[in-house]
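Novice:
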Amino acid sequence: MKNFQWTTPCDYQTASVTGLTREHWEEVMVSLLEGILAYASPGKARIKLPGVNSTNGLVADELEGFSRSLIMAAPLLKSHPTLKLTVGNQTLDVVDFYHKGILAGTNPQHPEYWGQIGDFSQNIVECGSLAWSLYLSQAQIWDKYSDREKQQVADYLLQCNRVKGHANNWLLFKVIINTVLERLGMSFSKKEIFKNLEICKKMYLGEGWYRDGKTKQIDYYNAWGFHYYFLMWVILDGDRHPEIAQLHLQRMREYMHSFRYFFSGEGNVPCFGRSVTYRFAYLAPIALGLYLDGLEQDLGELKSICNRLLQFFLNGEVLTEDNLLTPGYLRHSPRLLEFYSCAASPYWLGKAFNLLLLPESHPFWQAEEKPLAIDRDSFSISIESAGYLLVGDRASGHVQLLNHKSHHSYPELSSKYTNFAYSSLFGYDIGPIRKKYDSDSSLCDNALTFSDGGRYVQRSQIQPLYCKPNFIASKYPLRMVKREATNWLPRIYTNLGWAWTYTLVKDDFMINVHYIKTRKSLKFKEGGYPLGFDEGVPEIISTEGAEVAYKDGKISFIRNLYGYDRQFPAHALISKEIENNIRYKSSVVPALGFENQNQKSFYLANMVYGKIGHESIDQLMQLVHTFQIADDLINFHFYDGEQVVMQFGKIKRLNLTLNGKTIEGKIIMARVSGDGKTCQIVQH
């Protein structure tokens, strides 16, 4: 595996941090395209890449390879209509390749036909990409078809209207397919366009965020699965429906108001949710927003976001020796892939190359790179609609995403959604998604896992309670699998109790307080951040009430503040079976544990700190001075004198004095600085 080797000279006049220009984006796109097209079929309609297959079938996987290569190529064809590539030892005419490939794939008599489209077929997804690409390359490809050939291609796309699809972001594929067909002068369904636009519009939560269907699944599909396609529709037909167009442009602007805080000093965002093998596809709606001149952010900041994210990933081992994208995140990590993923899936990052729709003369390319939000100041930004709290530390560039709302219905995907926090610096550990569910009891990073004697699981079915700057809370059932699914019967769950978790942020570390009610004795295990590394062995230190690990200038620390009855030192000897960290070859997690002995209700509390630094364990222990619980009232002090109270259970009216300031009311959480001048209160 290797990183990307640039050949285009850097230009630090307008890109003072990265040196990247539009030419660099072209270089990356061309290199990726040359790599993937080397695996094209003789008829040019399919691309079969070596590696993992999805559960969608080989034909769908090979169509995916074709369509996702085309979404990279199509934006560039507008400025390079005679684009030629070197594939192997031969020169390939890009327009001719896709012209012939599309005809072969849509011809039922051709051996490389993509097949009839059925209910919930992956082909629906790929037809959305195909339609947009046909629109972008209309002059080069579509306009060169005969009337009969145009009808053949349109007939294939129209199959999508006659089949069922998932009631989530998939609905927007039909919107784009039909809108493009209308723009190309072919038959289309107006009903499919506006029915599906309306359904997806109602998935809006606020502040620029959508839920993906009827679930509480909120993730980066918000960027590449919702805003991207809404803005695509605005480009295609927004001028005829200005009110709808303005609605989606405004929602994109609202999204960017918070999304700009996701980007770390390294240029990446906290890895969270499914399909993160799409890597920098987050940039897709930014590209279309720029094309529409519809964003409010400073162009220099947007340029920094795009360039630094591209550079972050391409500096990682994301390529094979044959210039194919590896499955994974920052390195080859097949354990990260979902059941619907194949070797071609990472190429959905090609959506970001819509930036190449902007000509060299566009103000975006001419703008000087400006500092990111994290470069300017530390922050704590709450996004209540999504249930996220973003914490950024300017000194280290570290960004943490705390989640107390979004979850996935499958336990196999829990580590991608329901950890308490996700980090731009500390990649999370992940279990085997593609195998029969059997949760690895060692995977407890940033999660309160629990077991009734068998497998360990973590929270699901999260019910958000509060989402404020530096404070976020939720409740959730202690839900376990009672019976696995069979060919005939669904999986059955049982609820063994409830947990309430409050997370308070101080500086850039976290205090987690859990109130648990259960009708059964359970084992609990909770870890800090995974300390990842590629070589060597971390330094591991245990002391009474705390565990810490050090490696390569980073620290992962967890401290027992209340309730835990055992400690688990981070293990330096890592299993060689499967690498389970998304960023590193190995990782260790310091952890705490507890087993309730017929206790029906109890508290657990800890401090978690993942950071760049070299502080000793004694210094880390001094960050929280006191911690007490009495009658469902929690009271603790920090190193600088700040005092905090929290209240669980039946919320009572309080009248307290904290550092000289009187606090009254039904208080959930109140904190007052050591000098009494600053306070934060969250009321019931």
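Position 551, counted from 1, in the sequence shown is what numbering that gives the first Met the number 0 calls 550; the numbers after and before it change by one each time, with no gaps.
Glycine residues also receive a C-beta, built at the ideal position from the N, C-alpha and C atoms.
Just so we're clear, the structure is a prediction, and the values are computed from it rather than from any experiment.
#1: Does the distance from the C-beta atom of glycine 562 to that of proline 463 stay below 8 Å?
#2: Evaluate contact between the stretch 241-252 and the stretch 308-322, counting only Cβ atoms and requiring at least three cross-stretch pairs below 8 Å.
#3: Apart from the five residues just before and just after glycine 87, which ones in its own chain have a Cβ nearer than 7 Å to its Cβ?
#4: Going by the CB atoms, is the gap between glycine 396 and serine 263 shorter than 8 Å?
#5: Rounded to whole angstroms, what is the Cα-Cα separation between tyrosine 11 and lysine 302?
#6: Could you check which residue in Met202, Ser136 and Arg21 has the C-alpha nearest to that of serine 384?
#7: Could you say if the stretch 85-104 and the stretch 357-370 meet the contact criterion of at least three C-beta pairs nearer than 8 Å?
#8: Using the rule of at least 16 other Cβ atoms within 10 Å of the residue's Cβ for burial, across every protein chain shown, is glutamate 525 buried or exposed?
#9: For the beta strand (DSSP E) holding threonine 500, just list the boundary residues, first then last.
#10: How many Å lie between leucine 619 and phenylalanine 556 at the Cα?
#11: To which residues of the same chain is aspartate 392 closer than 7 Å at the C-beta, ignoring the five residues directly before and after it?
#12: Note the first and the last residue of the continuous beta strand (DSSP E) segment covering phenylalanine 172.
#13: Can you tell me whether DSSP reads asparagine 55 as helix, strand or coil?
#14: Under the three-state reduction of DSSP, which class applies to aspartate 93: helix, strand or coil?
#15: If you count every other CB in all the chains shown that lies within 10 Å of the CB of histidine 109, and 16 or more means buried, which is it?
#16: Using only alpha-carbon positions, find the residue among Met668, Gly531, Gly552 and Gly496 that is nearest to phenylalanine 583.
#17: Report, in whole angstroms, the separation of the C-beta atoms of glutamine 566 and serine 541, which I expect to be a contact under 8 Å.
#18: Provide the residue span of the alpha helix (DSSP H) that contains methionine 620, from first to last.
#19: If we ignore side chains and look at the alpha-carbon of each, how far apart do isoleucine 616 and glycine 544 end up?
#20: Quick check: the Cα distance between cysteine 443 and glycine 592, rounded to an integer number of angstroms?
#21: Consult DSSP for alanine 39 and reduce its assignment to one of helix, strand or coil.
#22: Where do the ends of the alpha helix (DSSP H) carrying asparagine 195 lie?
#23: Between glutamate 300 and the rest of its own chain, which residues show a CB-CB distance below 6 Å, the 5 nearest in sequence each way excluded?
#24: May I ask which residues mark the beginning and end of the beta strand (DSSP E) holding histidine 683?
#25: Where do the N-terminal and C-terminal ends of the alpha helix (DSSP H) with serine 303 fall, by residue?
#26: With isoleucine 217 and tryptophan 169 assumed to form a contact (beta carbons below 8 Å), what rounded beta-carbon distance in angstroms separates them?
#27: Here's the rule I'm using: 16 or more other beta-carbon atoms within 10 Å means buried, otherwise exposed. How should cysteine 9 be labelled?
#28: Please list the terminal residues of the continuous alpha helix (DSSP H) segment that includes arginine 375.
#29: I need the straight-line Cα distance from proline 74 to valine 174, nearest angstrom please.
#30: The beta strand (DSSP E) that contains histidine 513, what's its start and end?
#31: Taking only beta-carbon positions, decide if alanine 569 is within less than 8 Å of chain B.
#32: Less than 6 Å between C-beta atoms, sequence neighbours within five positions excluded: which residues of the same chain meet that for isoleucine 666?
Specialist: Answer, in terms of the structure:
#1: Along the sequence shown, one-based indexing puts residue 562 at 563. Along the sequence shown, one-based indexing puts residue 463 at 464. Going by C-beta atoms, glycine 562 is not nearer than 8 Å to proline 463.
#2: The stretch 241-252, when compared against the stretch 308-322, does not touch it at the 8 Å Cβ threshold.
#3: The sequence position of residue 87 within the sequence shown is 88, counting from 1. Contacts found: Ala37.
#4: On the sequence shown, residue 263 is found 264 positions in, with the first residue counted as 1. On the sequence shown, residue 396 is found 397 positions in, with the first residue counted as 1. Yes, the Cβ-Cβ distance between serine 263 and glycine 396 is below 8 Å.
#5: Sequence index remark: in the sequence shown, residue 11 carries index 12 (1-based). Sequence index remark: in the sequence shown, residue 302 carries index 303 (1-based). Spanning the two alpha carbons is a distance of roughly 13 Å.
#6: Counted from its first residue, the sequence shown places residue 384 at position 385. The residue with the shortest Cα to Cα distance from serine 384 is Met202.
#7: No contact exists between the stretch 85-104 and the stretch 357-370.
#8: Within the sequence shown, residue 525 is the residue found at index 526, counting from 1. Burial call: buried.
#9: The residue labelled residue 500 in the question sits at position 501 within the sequence shown. Note, threonine 500: beta strand (DSSP E), 491-505.
#10: Against the sequence shown, residue 619 aligns to sequence position 620. Against the sequence shown, residue 556 aligns to sequence position 557. Each residue's Cα considered, the two are about 8 Å apart.
#11: Working through the sequence shown from its first residue, we reach residue 392 at position 393. Only Ser377 and Asp507 meet the Cβ criterion.
#12: On the sequence shown, position 173 is the one that residue 172 refers to. Here phenylalanine 172 belongs to no beta strand (DSSP E); instead the alpha helix (DSSP H) covers 170-182.
#13: If you number the sequence shown from 1, residue 55 lands on position 56. DSSP places asparagine 55 in coil when its eight states are reduced to three.
#14: One-based indexing of the sequence shown puts residue 93 at position 94. Residue 93 is actually valine in this sequence, not aspartate. In the structure shown, valine 93 sits in a helix (DSSP, three-state: H, G or I).
#15: Your numbering for residue 109 matches position 110 in the sequence shown. Its Cβ having fewer than 16 others within 10 Å, histidine 109 is exposed.
#16: Position 584 of the sequence shown, counting from 1, holds the residue named residue 583. Per the sequence shown, residue 583 should be read as tyrosine rather than phenylalanine. Checked all of Met668, Gly531, Gly552 and Gly496; the closest Cα to tyrosine 583 is Gly531.
#17: Position 567 of the sequence shown, counting from 1, holds the residue named residue 566. Position 542 of the sequence shown, counting from 1, holds the residue named residue 541. Going by Cβ atoms, the distance from glutamine 566 to serine 541 rounds to 6 Å, so yes, they are a contact pair.
#18: Taking the first residue of the sequence shown as position 1, residue 620 is located at position 621. Residues 616-620.
#19: Taking the sequence shown and counting its residues from 1, the one referred to as residue 616 is at position 617. Taking the sequence shown and counting its residues from 1, the one referred to as residue 544 is at position 545. Approximately 11 Å between the Cα atoms of the pair.
#20: In the sequence shown, counting from the first residue as 1, residue 443 sits at position 444. In the sequence shown, counting from the first residue as 1, residue 592 sits at position 593. Using only the alpha carbons, I get a separation of about 10 Å.
#21: Taking the first residue of the sequence shown as position 1, residue 39 is located at position 40. It is a strand residue.
#22: The residue you call residue 195 lines up with position 196 of the sequence shown. Counting along the chain, asparagine 195 sits inside the alpha helix (DSSP H) bounded by residues 189-200.
#23: Here residue 300 is taken as the residue at index 301 of the sequence shown, counted from 1. So the list reads Lys369, once near-sequence residues are dropped.
#24: Indexing the sequence shown from 1 puts residue 683 at position 684. From DSSP, histidine 683 is part of no beta strand (DSSP E); its letter is neither H nor E.
#25: As a position in the sequence shown, residue 303 is number 304, starting the count at 1. Counting along the chain, the alpha helix (DSSP H) containing serine 303 begins and ends at 298-313.
#26: Here residue 217 refers to the residue found at position 218 of the sequence shown. Here residue 169 refers to the residue found at position 170 of the sequence shown. No, isoleucine 217 and tryptophan 169 are not in contact; Cβ-Cβ is about 16 Å, not under 8 Å.
#27: As a first step, residue 9 must be located in the sequence shown, where it is residue number 10. Cysteine 9 is exposed by the Cβ-count criterion.
#28: Indexing the sequence shown from 1 puts residue 375 at position 376. 372-375 is the extent of the alpha helix (DSSP H) around arginine 375.
#29: As a working note, residue 74 is residue 75 in the sequence shown. As a working note, residue 174 is residue 175 in the sequence shown. Those two C-alpha atoms are separated by around 20 Å.
#30: Start at 1 with the first residue of the sequence shown, and residue 513 comes out as number 514. Segment 508-517, the beta strand (DSSP E) holding histidine 513.
#31: Among the protein chains of the structure shown there is no chain B, as only one such chain exists.
#32: Residue 666 sits at position 667 when you count from the first residue of the sequence shown. For isoleucine 666, where only same-chain residues beyond five positions count, the Cβ hits under 6 Å are Gln646 and Leu653.
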